Amino acid sequence: MTATETAGRGERVADWLDGRVGIHSLGRKYLRKVFPDHWSFLLGEICLYSFVVLVLTGVYLTLFFHPSMNEVTYHGSYVPLNGVRMSEAYASTLHISFDVRGGLLIRQLHHWAALVFVAGMLTHMMRHFFTGSFRKPREVNWLFGWLLLFLGLFEGLFGYSLPDDLLSGTGLRFVNGALLSVPVVGTYLSMFLFGGEFPGHDVVARFYSLHILLIPGIMAALVVAHLILVVYHKHTQFAGPGRTERNVVGTPFMPVYLAKAGGFFFLVFGALTLVAAVATINPVWVYGPFRPDQVSTGAQPDWYLGFAEGLVRVMPGWEITLWGHTLVLGVLIPVVVFPLLLVFIGIYPFLEARVTGDKREHHLLDRPRNRPVRTAIGAVWISLYLILLAGGGNDIVATRMHLSINTVTWTVRVAVFVLPAVVFVVTRRICLGLQLRDTELVLHGRETGVIKRLPHGEYVEVHQPLDQAELHTLTAHRRQGERVEHEPRPELVEREPRP
Ligand code: HEM
Ligand code: HEM
1 MTATETAGRG ERVADWLDGR VGIHSLGRKY LRKVFPDHWS FLLGEICLYS FVVLVLTGVY
61 LTLFFHPSMN EVTYHGSYVP LNGVRMSEAY ASTLHISFDV RGGLLIRQLH HWAALVFVAG
121 MLTHMMRHFF TGSFRKPREV NWLFGWLLLF LGLFEGLFGY SLPDDLLSGT GLRFVNGALL
181 SVPVVGTYLS MFLFGGEFPG HDVVARFYSL HILLIPGIMA ALVVAHLILV VYHKHTQFAG
241 PGRTERNVVG TPFMPVYLAK AGGFFFLVFG ALTLVAAVAT INPVWVYGPF RPDQVSTGAQ
301 PDWYLGFAEG LVRVMPGWEI TLWGHTLVLG VLIPVVVFPL LLVFIGIYPF LEARVTGDKR
361 EHHLLDRPRN RPVRTAIGAV WISLYLILLA GGGNDIVATR MHLSINTVTW TVRVAVFVLP
421 AVVFVVTRRI CLGLQLRDTE LVLHGRETGV IKRLPHGEYV EVHQPLDQAE LHTLTAHRRQ
481 GERVEHEPRP ELVEREPRP
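First residue of the sequence shown? That's 1 in the UniProt record's numbering, and the numbers climb one at a time after it.
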C-alpha cells in the first residue's frame with residue numbers, strides 16, 4: 001500500500017490542495033511568522049475588524065435599501081410620518097428601521113462601525129506617526145494606509161447621504177456650496193455631481209454605486225496590499241533586550257497570534273453590536289425627509305468630517321470680485337485648506353526623510369520623546385483637528401455652554417493660530433524633559449525614598465540602579481545629530497522571545 005492510500009481523509013484533501021495551490025509550502029513559510037507583541041498593534045486590527053463588520057452589515061442593508069429619489073407617499077409602521085411624501089430612499093430606510101427583522105440593529109451597527117473604523121484609522125495612523133514606523137522601507141505602506149483613511153472619510157460621507165433625510169440633505173447642500181465656490185468650473189462640477197440643479201434626482205443612486213461598489217472595492221484591495229506589505233517588510237518592534245534592527249522578536253502566527261486575533265475579532269464585533277443595540281445613532285425618522293427649503297438646526301456631519309465643517313464655519317465670509325467674477329473666499333479657502341491638512345500627513349514620511357537626510361532603513365521604533373520635533377508636529381496636527389472639530393460644532397457648544405455663538409467662533413478663530421504654536425512648544429519641552437529624566441534614570445537609577453545617614457552625618461537618598469533590560473531600552477536610540485553611515489539592507493531574522 002502506498003503512503004497516499006494509507007493517509008486519512010483530511011491528509012488526502014490537504015495533499016490534493018497542495019498539489020494545486022501549493023498550500024503546504026505557503027503554510028510552512030507563513031504560519032510560523034513571528035508577530036511582536038504590543039498593545040498598540042491592536043489598533044490596526046480594530047480597523048480591519050470594523051471594516052469586516054461594515055462589509056457584512058452593508059451587504060445586509062443592500063438587500064432592503066432602495067437607492068432611488070422617486071417620490072412616494074409613506075404608509076409604513078412609523079405613524080408620525082404617515083401620508084408624508086418622501087423619496088423612496090428615505091422610505092426604504094424607515095422600512096429597514098421599523099419593519100425589517102433586525103434592520104435597525106444592523107443599520108446602527110453599520111453606522112457605529114463606520115465611526116469606530118475612522119477613529120481606529122486615525123489612532124492607528126498617529127501611533128505609527130509618533131513611533132516613526134513610516135520610515136524607509138515602509139513609506140509606501142504609509143501611503144496605502146493614508147489612502148484608506150482618505151477614502152474612508154468620503155465613504156462615510158456618501159454612506160450617510162444615502163437615506164436622504166433632512167440631516168444628510170443639509171450635508172449635501174454643504175458639499176454643493178463647496179463645489180460652487182471653485183472658480184471657473186464650480187457650477188459645472190455641481191451640475192455634474194448632482195445631474196442638474198441641486199439636489200436633482202440622481203445623487204442617491206450615484207452615491208450608492210460609489211458607496212457599495214467602487215470605494216469598498218478599492219479599499220478592500222488596498223487593505224490586502226497593506227497587509228501583504230506588513231508581511232513582506234516584517235513588523236517593526238520597540239527597542240528592548242535582544243531586539244535589533246536585524247531581527248523580529250515575537251510570538252508565531254500559528255497558534256498564538258491566530259488565537260489572540262480571532263478572539264479579538266469577536267470582541268470588536270461584540271462590543272460594536274452591544275453599542276448598536278443600546279445607543280441610538282442617526283434616527284432619521286426624527287429628522288424627516290429632505291426638503292431643499294428646510295434646514296435642521298444643530299446639523300452636524302459625523303465626527304471625522306467635523307474639522308472640514310469647522311474650517312468653513314470659522315472662516316470670515318470674505319468675497320472678492322475679479323474680472324467680473326465673484327470669488328467666495330469664505331468657502332474657497334477652507335476647500336483648499338481641508339485637503340492640504342490631510343495631504344501634509346500623507347507626504348510626511350518623504351518630507352521628514354528629506355529634511356533630516358535620513359536614508360537608512362528602520363525596523364526599531366522610536367520612543368516619541370526621543371524625536372521631539374516629530375512628536376510636536378503630530379500633537380499640533382491633532383490639536384488643529386480637535387479645535388476645528390469644536391468650530392464645526394460652534395452652535396452646539398454655544399447652546400450647551402450658554403455662550404454667544406460669536407464668542408465661540410472668535411475663540412476658535414484665534415485658537416486655530418495660537419493653539420498649534422503653544423502645543424508645539426509645550427510638547428517639545430515635555431519631550432526634552434522626559435529625555436532628561438531618562439538620562440537621570442540611566443545615570444543614577446530610580447529614587448527609592450529610603451534616606452540613609454552616612455557616618456559623617458550627611459543624609460543621602462538611596463538610588464536603585466535600573467536592570468539591564470531597562471537600561472537597554474532607555475539607551476537604544478540614536479541621538480539627534482549623531483552621524484551614521486548608510487547601512488546595507490538588513491535581512492530580518494524572526495525568532496521567538498527567549499524565556
Ligand atoms: C468601509 C466603509 C463604509 C463606511 C465608512 C460606511 C458608512 C456608512 C454610513 C455612515 C451610512 C449611514 C447609515 C445610517 O443610515 O445611519 C451607510 C449607509 C449604507 N451603507 Fe455603508 N459604509 C461602508 C461600507 C459599506 C459597504 C461595503 C456596503 C455594501 C456592500 C454599504 C452599504 C450601505 C447601505 C446600503 C447604506 C444605506 C442604508 C441605510 O442608511 O440604512 N456600506 N454607510
Ligand atoms: C482600513 C484601514 C487599515 C487597516 C485595516 C490597517 C491594518 C494594519 C495592520 C493589521 C497592521 C499591522 C499591525 C500594526 O502595526 O498595527 C498595519 C500596519 C501598518 N499600518 Fe495600517 N491599517 C489601516 C490604515 C492605516 C493608516 C490610515 C495608516 C497611516 C496613514 C497606516 C499605516 C500603517 C503602517 C505604516 C504600518 C506598518 C507598521 C509596522 O510594520 O510596524 N495604516 N496596518
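For every residue, glycine included, the Cβ atom is placed at its ideal position computed from N, Cα and C.
Only a predicted model underlies this, so the values are computations on that prediction, with no experimental measurement involved.
- Message: Under 8 Å: do the stretch 365 to 381 and the stretch 423 to 435 share three or more Cβ pairs, one atom per stretch?
- Response: Touching, per the Cβ criterion.
- Item | Residue range of the unbroken alpha helix (DSSP H) whose run includes H201 | Neither: H201 is in no alpha helix (DSSP H) and is coded neither H nor E.
- Exposed or buried, T297, counting other C-beta atoms within 10 Å across all chains shown (16 or more means buried)? Classification for T297: exposed.
- Message: I'd like to confirm something about V223: is its beta-carbon nearer than 7 Å to some heavy atom of ligand 2, or not?
- Response: True, at least one ligand heavy atom lies under 7 Å from that Cβ.
- Item | Residue environment, A469, which counts as buried when at least 16 other CB atoms sit within 10 Å | Its Cβ having fewer than 16 others within 10 Å, A469 is exposed.
- Query: With 16 as the cutoff for other CB atoms within 10 Å, does A379 come out buried or exposed?
  - Reply: It is buried - the Cβ of A379 has at least 16 other Cβ atoms within 10 Å.
- Residues bridged to L365 by DSSP? According to the DSSP secondary-structure assignment, L365 is paired through a beta bridge with F238.
- Query: Per DSSP, what kind of secondary structure is N141 in: helix, strand or coil?
  - Reply: Residue state, collapsed to three classes: helix.
- Query: Closer than 7 Å: is that where the CB of N247 sits relative to any heavy atom of ligand 2?
  - Reply: Outside the cutoff, so no.
- Residue closest to T439, alpha-carbon to alpha-carbon, out of I405, L474, L329, D37: It is L474 whose Cα lies nearest to the Cα of T439.
- Item | Beta carbon proximity, L26 to chain C, threshold 8 Å | Included in the structure is just one protein chain, with no chain C present.
- Item | T244, enclosing alpha helix (DSSP H) - first and last residue | It is not in any alpha helix (DSSP H) - T244 carries neither H nor E in the DSSP assignment.
- Item | Opening and closing residue of the alpha helix (DSSP H) in which R12 lies | Run containing R12: 9 to 21, per the alpha helix (DSSP H) assignment.
- Task: With a threshold of 7 Å, establish whether the CB of C47 neighbours any heavy atom of ligand 2.
- Result: Answer for C47: yes, Cβ within range of ligand 2.
- Message: Does the structure place the stretch 316 to 329 close enough to the stretch 144 to 160 that three or more beta carbon pairs sit under 8 Å?
- Response: The answer is no - the stretch 316 to 329 does not touch the stretch 144 to 160, with fewer than three Cβ pairs under 8 Å.
- Measuring CA to CA, which of T407, P283, Y208 is closest to V59? The residue with the shortest Cα to Cα distance from V59 is Y208.
- Message: Quick check on DSSP: helix, strand or coil for M254?
- Response: Correct three-state label for M254: helix.
- Query: Which one of A239, F41, G357 has the shortest CA to CA distance from L364?
  - Reply: Ranking A239, F41, G357 by Cα distance to L364 puts A239 first.
- Can the beta-carbon of G83 be found less than 8 Å from the beta-carbon of T93? No, these two residues do not count as a Cβ contact at 8 Å.
- Item | Start and end residues, beta strand (DSSP E) containing Q108 | Q108 -> not in any beta strand (DSSP E); alpha helix (DSSP H) instead, spanning 103 to 131.
- Option nearest G217 by Cα separation, candidates V34, Y385, F51: Here the closest residue by C-alpha is F51.
- Task: Inspect the CB distances between the stretch 273 to 281 and the stretch 101 to 110 and report whether three or more fall short of 8 Å.
- Result: Note that the stretch 273 to 281 touches the stretch 101 to 110; at least 3 beta-carbon pairs, one per stretch, sit closer than 8 Å.
- In terms of DSSP beta bridges, what is I320 paired with? I320 is bridged to L327.
- Query: Measuring CB to CB, does K136 end up less than 8 Å from H362?
  - Reply: Taking a C-beta distance under 8 Å as the contact criterion, K136 and H362 qualify as a contact pair.
- Could you give the C-beta distance for P36 and H235, rounded to a whole number, given that I count them as a contact under 8 Å? Between P36 and H235 a beta carbon distance of about 5 Å is seen, short of the 8 Å cut, so the two are scored as contacting.
- Message: Please determine whether the Cβ atom of T170 lies at a distance below 7 Å from any heavy atom of ligand 3.
- Response: No copy of ligand 3 appears in this structure; the ligands present are ligand 1 and ligand 2.
- Item | Boundaries (first-last residue) of the alpha helix (DSSP H) holding M219 | From DSSP, the alpha helix (DSSP H) with M219 extends over 215 to 233.
- Task: Rank E88, G103, L443, H444 by C-alpha distance to the C-alpha of H201 and give the top, closest one.
- Result: Selected option, being the one with the closest Cα: E88.
- With 16 as the cutoff for other CB atoms within 10 Å, does N406 come out buried or exposed? Exposed, by the Cβ-count rule.
- With DSSP collapsed to three states, give me the class of K260. In the structure shown, K260 sits in a helix (DSSP, three-state: H, G or I).
- Item | Residues passing the C-beta test against ligand 1 heavy atoms, cut-off 6 Å | Qualifying residues come out as F51, L54, V55, G58, V59, L61, T62, F65, T93, I96, R107, H110, H111, A114, F117, G152, E155, G156, G159, Y160, L162, P163, H211, I212, P216, M219, N282.
- Task: Kindly indicate which residue of W410, V418, L258 has the alpha-carbon position closest to the one of S383.
- Result: Selected option, being the one with the closest Cα: V418.
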